[in-house]
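Per this note's numbering: the sequence shown = residues 541 to 589.
Let me begin by presenting the structure, written as structure tokens, before commenting on it.
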Amino acid sequence: MKRRDLIRKIEKAGAIFIRHGGRHDWYQNPVTKVCQPVPRHAEIHEFLA
Numbered sequence: 541m542k543r544r545d546l547i548r549k550i551e552k553a554g555a556i557f558i559r560h561g562g563r564h565d566w567y568q569n570p571v572t573k574v575c576q577p578v579p580r581h582a583e584i585h586e587f588l589a
């Protein structure tokens, strides 16, 4: 899956961008307050997405 497609999918689900990490960007679900890293790679394996 392309990184941009994954970001669109999680933002559509309501997640918001929190910060840039070393090799990942962090997104948070405002309802559950759970933060998840999204790797900064062009292709992300379906298992991780």
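All C-beta atoms in this analysis are idealised placements derived from N, C-alpha and C, irrespective of residue type, glycine included.
Any idea which residues DSSP pairs residue i with across the strands?
i: residue 585; result: Answer by DSSP bridge pairing: none, since residue 585 is not bridged.
i: residue 574; result: For residue 574, which the question treats as bridged, DSSP gives no partner whatsoever.
Since residue i and residue j should fall inside the 8 Å C-beta cutoff, what is the C-beta to C-beta distance between them, to a whole number of angstroms?
i: residue 547; j: residue 571; result: In fact, because the Cβ distance is near 18 Å, the residues do not count as touching under 8 Å.
i: residue 543; j: residue 584; result: 6 Å
i: residue 569; j: residue 555; result: 5 Å
CA-CA distance, residue i and residue j?
i: residue 586; j: residue 576; result: 16 Å
i: residue 553; j: residue 562; result: 24 Å
i: residue 580; j: residue 574; result: 19 Å
i: residue 550; j: residue 557; result: 10 Å
Query raised in the report: Considering only residues of the segment 542-570, which uninterrupted alpha helix (DSSP H) runs meet the minimum length of 4 residues and lie entirely inside it, listed in chain order?
Result: 543-552
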